[in-house]
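Per my numbering, residue 145 is the first one in the sequence shown, and the count goes up by one each step. All residues carry an ideal CB built from backbone N, CA and C; glycine is no exception.
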Amino acid sequence: MTTFPASLLILNGKGTDNAPLRDAVAQLRKEGVEIHVRVTWEKGDAERYIDEARRLGVATVIAGGGDGTINEVATALVHCQGDDIPALGILPLGTANDFATSIGIPDEPEKALKLAIAGNAIEIDIAQVNDETCFINMATGGFGTRITSETPEKLKAALGGISYLIHGLVRMDTLKPDRCEIRGENINWQGDALVIGIGNGRQAGGGQQLCPDALINDGLLNLRILTGEEILPALLSTLAKAGQSPNIIEGASSWLTISAPNDITFNLDGEPLTGREFRIEILPSALRCRLPPDCPLLR
Numbered sequence: 145m146t147t148f149p150a151s152l153l154i155l156n157g158k159g160t161d162n163a164p165l166r167d168a169v170a171q172l173r174k175e176g177v178e179i180h181v182r183v184t185w186e187k188g189d190a191e192r193y194i195d196e197a198r199r200l201g202v203a204t205v206i207a208g209g210g211d212g213t214i215n216e217v218a219t220a221l222v223h224c225q226g227d228d229i230p231a232l233g234i235l236p237l238g239t240a241n242d243f244a245t246s247i248g249i250p251d252e253p254e255k256a257l258k259l260a261i262a263g264n265a266i267e268i269d270i271a272q273v274n275d276e277t278c279f280i281n282m283a284t285g286g287f288g289t290r291i292t293s294e295t296p297e298k299l300k301a302a303l304g305g306i307s308y309l310i311h312g313l314v315r316m317d318t319l320k321p322d323r324c325e326i327r328g329e330n331i332n333w334q335g336d337a338l339v340i341g342i343g344n345g346r347q348a349g350g351g352q353q354l355c356p357d358a359l360i361n362d363g364l365l366n367l368r369i370l371t372g373e374e375i376l377p378a379l380l381s382t383l384a385k386a387g388q389s390p391n392i393i394e395g396a397s398s399w400l401t402i403s404a405p406n407d408i409t410f411n412l413d414g415e416p417l418t419g420r421e422f423r424i425e426i427l428p429s430a431l432r433c434r435l436p437p438d439c440p441l442l443r
């Protein structure tokens with residue numbers, strides 16, 4: 145019989161009443177797999193549980209929740225010092241599950257748990273903002289960010305990722321661009337941005353492919369800007385490919401700086417960050433993540 149190393153599951157408190165997950169954990173324990181379960185209540189719990197995981201000597205810390213939970217666990221792992229840092233496993237339990245979906249994590253709790261415990265640990269990149277905050281999937285700014293942050297929790301619970309689109313259509317009154325300047329390697333752009341996507345991963349907002357060419361182990365950030373000089377043409381241009389539309393700006397760089405005359409808010413895997421100056425850089429091979437063998441975001 146195959147013996148798997150121990151894991152610690154950090155579960156977002158919203159997922160504690162998930163009956164299929166309870167059954168999956170119970171079944172794996174019955175098969176001899178050692179899984180510790182900890183539930184988060186407030187910000188900072190993930191870091192504390194990772195310290196405990198390292199004392200326990202587990203091979204994997206599993207993030208059970210949405211993109212925000214994955215971000216919090218991944219960030220805490222990146223900030224760990226020393227040797228024997230656990231790999232990251234992913235159990236998608238959120239509304240959109242953008243990162244988990246894009247890298248091919250199964251929806252079923254039992255399959256996702258088995259992958260998180262026994263999958264190959266691959267080195268992947270993570271992005272860091274202003275030398276502190278991180279995101280593993282994507283930073284988004286502009287109209288989409290306002291809609292994502294404003295969408296009611298009950299609507300998200302009822303409809304999932306499509307709730308962002310529905311709420312966006314209702315709130316078209318907030319449709320206005322942000323003036324900013326963005327620089328990077330071979331990138332020098334300034335103007336009015338309706339939507340900004342900075343991707344380590346490819347999708348955000350419940351399945352929107354903002355950075356369709358992004359890879360999680362190429363040492364680059366992918367940039368896509370939907371310009372806002374003319375709102376209606378800019379929106380219609382989302383139906384076209386980037387090369388066919390003057391309203392879509394694309395690029396790739398290991399770092400980006402963004403400056404704005406007024407406050408601009410970026411959504412970092414679900415966590416808002418507001419300011420006028422941002423420096424975003426990729427941290428290559430910053431953590432190990434257990435991924436499916438056919439993960440489409442690997443080069």
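Sequence-distant residues of its chain with Cβ nearer than 6 Å to residue i (five each side left out)
| i | result |
| --- | --- |
| proline 253 | Pro164, Leu165, Ala168 |
| leucine 442 | Asn361 |
| glutamine 334 | Glu325 |
| cysteine 439 | Ile247, Gly248 |
| glutamine 347 | Asp242, Ser246, Gln353 |
| proline 437 | none |
| isoleucine 340 | Gly285, Gly286, Ile369 |
Residue i vs residue j beta-carbon contact at 8 Å
| i | j | result |
| --- | --- | --- |
| arginine 434 | glycine 176 | no |
| alanine 150 | glutamate 191 | no |
| proline 236 | valine 205 | no |
| alanine 222 | alanine 430 | Correcting the residue identity first, residue 222 is valine in this sequence and not alanine. Against a cut-off of 8 Å, the Cβ pair of alanine 430 and valine 222 comes out as a contact. |
| arginine 432 | glutamate 216 | no |
| threonine 184 | isoleucine 154 | yes |
| aspartate 211 | glycine 414 | yes |
| asparagine 241 | glycine 208 | no |
| aspartate 322 | glycine 286 | yes |
| aspartate 407 | threonine 371 | no |
| phenylalanine 422 | isoleucine 393 | no |
| alanine 220 | isoleucine 194 | yes |
| leucine 417 | valine 181 | no |
| leucine 232 | alanine 244 | no |
Helix, strand or coil at residue i [DSSP, three-state]
| i | result |
| --- | --- |
| threonine 277 | strand |
| glutamine 353 | strand |
| glutamate 175 | coil |
| glycine 157 | helix |
| alanine 163 | helix |
| alanine 265 | strand |
| glutamate 196 | helix |
| alanine 218 | helix |
| alanine 190 | helix |
| glutamate 254 | helix |
| proline 440 | coil |
| glutamate 245 | With the sequence shown as reference, residue 245 is identified as threonine, and glutamate is not the correct amino acid for it. Looking at threonine 245 - three-state DSSP - the assignment turns out to be helix. |
| glycine 212 | helix |
| alanine 337 | strand |
| alanine 348 | strand |
| isoleucine 310 | Here isoleucine 310 scores only 37 on pLDDT, less than 50, and its place in the model should not be relied on; the value that follows carries that caveat. In this structure, isoleucine 310 counts as helix in the three-state DSSP scheme. |
| aspartate 358 | Checking the sequence, you will find alanine at residue 358 rather than aspartate. Of the three classes helix, strand and coil, the one that applies to alanine 358 here is coil, per DSSP. |
| alanine 150 | coil |
| leucine 259 | helix |
| alanine 404 | strand |
| alanine 207 | strand |
| alanine 240 | coil |
| alanine 168 | helix |
Contact set for residue i: own chain, Cβ-Cβ below 8 Å, skip 5 residues either direction
| i | result |
| --- | --- |
| alanine 271 | Cys278, Phe279, Ile280, Ala283, Ile342, Asn344, Leu365, Ile424, Glu425, Ile426, Leu427 |
| serine 397 | Gly328, Glu329, Asn330, Ile331, Leu364, Leu365, Leu367 |
| threonine 111 | Residue 111 lies beyond the stretch modelled for the chain, which goes from 145 to 443, so this question has no answer here. |
| arginine 173 | Ile179 |
| aspartate 228 | Arg198, Gly201 |
| cysteine 351 | A quick correction: the sequence has glycine, not cysteine, at residue 351. For glycine 351, where only same-chain residues beyond five positions count, the Cβ hits under 8 Å are Ala240, Asp242, Thr245, Gly305. |
Paired residues, beta bridge with residue i - DSSP
| i | result |
| --- | --- |
| valine 202 | Answer is none; valine 202 lacks a bridge partner. |
| proline 416 | Asn411 |
| arginine 434 | Ala265 |
| glutamine 272 | Cys278, Glu425 |
| glutamate 394 | Arg368 |
| glycine 285 | Ile340, Phe410 |
| aspartate 322 | Ala337 |
| valine 181 | Leu153 |
| isoleucine 229 | BP columns for isoleucine 229 are empty, so no partner. |
| asparagine 330 | DSSP output for asparagine 330 lists no bridge partner at all. |
Contacts around residue i, its chain only, beta-carbon distance under 7 Å, and the 5 residues preceding and following it disregarded
| i | result |
| --- | --- |
| proline 250 | Ala256, Leu259 |
| alanine 499 | The requested residue 499 does not occur in the structure, where the chain is confined to residues 145 to 443. |
| alanine 404 | Asp322, Arg323, Cys324, Arg420 |
| leucine 359 | Leu441, Leu442, Arg443 |
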